[in-house]
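Read the structure below first, then the notes.
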Amino acid sequence: MSVVISDAWRQRFGGTARLYGEKALQLFADAHICVVGIGGVGSWAAEALARTGIGAITLIDMDDVCVHQYQSANSCPAR
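Residue numbers (our numbering): 164 to 242.
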């Protein structure tokens with residue numbers, strides 16, 4: 164089933180459409196990507212996927228969130 168791209172979506176991810184084309188923007192919006200491991204590299208990859216306009220992202224990490232690991236995790240606020 165194809166995601167209907169709204170004007171807000173098009174405005175937010177217009178750069179992706181200009182770079183890759185409208186067809187690719189629709190493919191990205193319809194995509195579901197799984198990132199396994201949300202450490203130093205995984206957190207950056209997940210952010211890049213979100214900024215590209217991927218429609219659904221599943222994040223999997225079996226590690227515990229600890230303060231000493233925070234410097235390598237981009238998207239997790241320390242509590």
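All C-beta atoms, glycine included, are put in the ideal place defined by N, C-alpha and C.
DSSP-derived helix/strand/coil call for residue i
i: A219; result: strand
i: V166; result: coil
i: M225; result: coil
Inter-residue Cα distance where the pair is residue i and residue j
i: A241; j: C197; result: Per-residue confidence for A241 stands at a pLDDT of 49, beneath the threshold of 50, marking its modelled position as unreliable; no derived number is given.
i: V167; j: A192; result: 9 Å
i: G203; j: A209; result: 11 Å
i: A180; j: V199; result: 27 Å
i: L190; j: D226; result: 31 Å
i: F176; j: K186; result: 13 Å
i: D170; j: I201; result: 31 Å
Cβ-heavy atom distance, residue i to the ligand NAP, below 7 Å
i: A213; result: The model on display carries no ligand, and the ligand NAP is accordingly not part of it.
8 Å contact criterion, which residue i and residue j should meet: CB distance rounded
i: I217; j: A194; result: 5 Å
i: A211; j: I220; result: Not a contact, Cβ separation roughly 10 Å.
Return the chain-ordered ranges of every beta strand (DSSP E) run that is complete within the stretch 167-205 and spans a minimum of 3 residues.
The qualifying runs are 195-199.
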